[in-house]
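Number of protein chains: 2
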Amino acid sequence: MAVILEAAERVFALYGHKGATTERIAREAGLPKANVHYYFKTKENLYRQVLAHILDDWMAAASTFEPGHEPEPALRAYVTAKMELSRKRPYGSRVWAGEVLSGAPVMEKFLGTTLKTWMDERVRTIEGWIEDGKIRAVDPSALLFLIWATTQHYADFERQVVILNGGKKITDKEYQARIDEVVALVLRSVGL
Amino acid sequence: MAVILEAAERVFALYGHKGATTERIAREAGLPKANVHYYFKTKENLYRQVLAHILDDWMAAASTFEPGHEPEPALRAYVTAKMELSRKRPYGSRVWAGEVLSGAPVMEKFLGTTLKTWMDERVRTIEGWIEDGKIRAVDPSALLFLIWATTQHYADFERQVVILNGGKKITDKEYQARIDEVVALVLRSVGL
DNA sequence: GTCTATACGTTGATAGAC
DNA sequence: GTCTATCAACGTATAGAC
Numbered sequence: 432m433a434v435i436l437e438a439a440e441r442v443f444a445l446y447g448h449k450g451a452t453t454e455r456i457a458r459e460a461g462l463p464k465a466n467v468h469y470y471f472k473t474k475e476n477l478y479r480q481v482l483a484h485i486l487d488d489w490m491a492a493a494s495t496f497e498p499g500h501e502p503e504p505a506l507r508a509y510v511t512a513k514m515e516l517s518r519k520r521p522y523g524s525r526v527w528a529g530e531v532l533s534g535a536p537v538m539e540k541f542l543g544t545t546l547k548t549w550m551d552e553r554v555r556t557i558e559g560w561i562e563d564g565k566i567r568a569v570d571p572s573a574l575l576f577l578i579w580a581t582t583q584h585y586a587d588f589e590r591q592v593v594i595l596n597g598g599k600k601i602t603d604k605e606y607q608a609r610i611d612e613v614v615a616l617v618l619r620s621v622g623l
Numbered sequence: 432m433a434v435i436l437e438a439a440e441r442v443f444a445l446y447g448h449k450g451a452t453t454e455r456i457a458r459e460a461g462l463p464k465a466n467v468h469y470y471f472k473t474k475e476n477l478y479r480q481v482l483a484h485i486l487d488d489w490m491a492a493a494s495t496f497e498p499g500h501e502p503e504p505a506l507r508a509y510v511t512a513k514m515e516l517s518r519k520r521p522y523g524s525r526v527w528a529g530e531v532l533s534g535a536p537v538m539e540k541f542l543g544t545t546l547k548t549w550m551d552e553r554v555r556t557i558e559g560w561i562e563d564g565k566i567r568a569v570d571p572s573a574l575l576f577l578i579w580a581t582t583q584h585y586a587d588f589e590r591q592v593v594i595l596n597g598g599k600k601i602t603d604k605e606y607q608a609r610i611d612e613v614v615a616l617v618l619r620s621v622g623l
């Protein structure tokens, strides 16, 4: 039931794993909580499915970082995709952040397998760029963490971003400009 | 009672605002939970005091970014201080991250006052550097967010960092090297 | 499939002995 | 100040009518 998953994503993001109640998820989805348990059996299972559901978009963004490409277009595409994902699905990013924050008890396996494999490939790609003299000698994982942290900051710490913007929401136009700024900072950090 | 505050910081970081129980905090502090309520009255109040307690170290790190200084030493000192704080008090950073993640219901006021004032001063400082041609033309808040996000990533997403390091803890020596890498990335991102 | 009513466990908070 | 015992509120989950 898509409407429950969507409500759950928002409620888990706003109240945390434990703070989210099935009653509230049901209310925001517009049905009694018995239905939530009918479709997802347990709250724990619903939580897992919310996380898994986010993974699709996450992997799509990850796939924009193509190992075979040149550094400038590869990094530009990846940072842009991650920034757009933070804009498009802020709640999903926040659920994920909460999960990792508390030690990733549910998603530990994914981190150690799929993500680790993905990262190792990109680390080799970046090392190749350095050997070929295409970018400055940087620590590949330090660069990847900088990109993840910075791009996800706009989703995970959205409330802080808005407050420091004087309480005014960030418009689409402003966000587009911010994407360009982040891309420029990242590219320059590796000497491009 | 310092022992309770310290236990609470860790438990709130690991289980979240709602997931943390006074019973668990008490157990980790080595006393019955009635004592926790005796000293802090309510869990809510204890949570606020944990957040306030972190602010001291946070403000100390923030003060290393001196508006009057030159860009290179100022940014180097600030990034280093933030990285060292993430290493020294990871749980505090994580409690703070959880608070902002869920919309900063408790710390909203601080963000809009003290932090906003601090940031506005630094934005002007960075704008001054740009006008004087000392650094590249960057969006000051984009730069500050990049620094916050990247440095706090090592505390907030520590579990992920460790897993992607093959499950091996980061040694002090490795972390020192990582600080240098992050400083280099940040400095180069503004053209230094 | 949908919903109301309810059972059962957990947790924040306190009463009251020491 | 410290601790054990206890309670009231809340939240997950299900039974069972429709």
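Chains as they are written, first to last, in our numbering: chain A, 432 to 623; chain B, 432 to 623. Idealized CB from N, CA, C, for every residue including glycine.
Check	Outcome
What does B/Y446 reach in chain A if we use C-beta pairs closer than 8 Å?	K449, S533
One question on the structure: do B/G622 and B/I578 come within less than 9 Å of each other, judged by their Cβ atoms?	no
Which of the three DSSP states, helix, strand or coil, is assigned to A/M432?	coil
Using a C-beta to C-beta distance shorter than 9 Å, which residues of chain A count as neighbours of B/K547?	I594, L595, G597
Grab me the residues of B/K513's own chain with a C-beta within less than 6 Å of its C-beta, minus the 5 sequence neighbours each way, in chain order.	A492, T582
Are there 16 or more other CB atoms within 10 angstroms of the CB of B/R507, so buried, or fewer, so exposed?	buried
Examine the Cβ distances between the region 580-594 of chain A and the region 553-565 of chain B and report whether three or more of them are shorter than 8 Å.	no
So with CB distances below 8 Å, who are the chain B contacts of A/R609?	D570, A573
Can you list, in chain order, the residues of its chain whose CB lies under 7 Å from that of B/S517, leaving out five sequence neighbours each side?	S524, T582, Q583, Y585, A586
By a C-beta neighbour count over all protein chains shown, 10 Å radius and 16 as the cutoff for buried, is A/Y469 buried or exposed?	exposed
Report the neighbours of A/T581 on chain B: residues whose CB is nearer than 8 Å to its CB, in chain order.	F576, L577, A580, T581
In this structure, does DSSP put A/D570 in helix, strand or coil?	coil
For B/D587, go through chain A and note every residue whose CB falls closer than 8 Å to its CB, in chain order.	A528, V531, L532
Out of A/W489, A/I456, A/Y446, which one is the CA nearest neighbour of A/E437?	A/I456
Cβ atoms of B/L616 and A/A573: under 9 Å apart, would you say?	yes
Determine, using beta carbons only, whether A/H448 and A/G499 come nearer to each other than 9 Å.	no
On the three-state DSSP scale, how would you describe A/G450?	helix
The region 486-499 of chain B: which residues have C-beta closer than 7 Å to a C-beta of chain A, in chain order?	none
Any idea if A/R555 is buried or exposed, counting beta-carbon neighbours within 10 angstroms, 16 or more meaning buried?	exposed
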